[in-house]
């Protein structure tokens, strides 16, 4: 059987501004509800279904999310769109 190969990603970090503490906690909860383990604190790494990413929130308003690994058939744009959906839902857009 063929196995899916993950590749290191060349995806650029996504930076979000005006992310309040409530919005940050909302995002973490939504991601956990989706079945992805989210480490406690303001930074860490998450992995699910072949996609690995990291997040770092400055504790005030700036959140940076980086896709580090993904299946070769998933584009950075597709991965970024999924991340943006989570962020927008919690920022009230």
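Numbering (our numbering), first residue to last: 329 to 421.
The beta-carbon is built from N, C-alpha and C at its ideal position, and this holds for glycine as well.
TODO: Report the residue from 407, 389, 376 and 360 whose alpha carbon sits nearest the alpha carbon of residue 350.
DONE: The option with the nearest alpha carbon to residue 350 is 389.
- [ ] Decide yes or no for the touch test of the region 400-420 against the region 350-362: beta carbon pairs closer than 8 Å, at least 3 of them.
- [x] With a cut-off of 8 Å, the region 350-362 and the region 400-420 count as touching, because enough Cβ pairs lie within range.
TODO: Hey, could you find the ends of the beta strand (DSSP E) residue 399 is sitting in?
DONE: Residues 391-399.
Task: DSSP bridge partner residues for residue 414 (one or two, in chain order) - done: Answer is none; residue 414 lacks a bridge partner.
Open item on the list: Between which two residues does the beta strand (DSSP E) holding residue 343 run?
Closed with: Residue 343 -> beta strand (DSSP E) spans 342-344.
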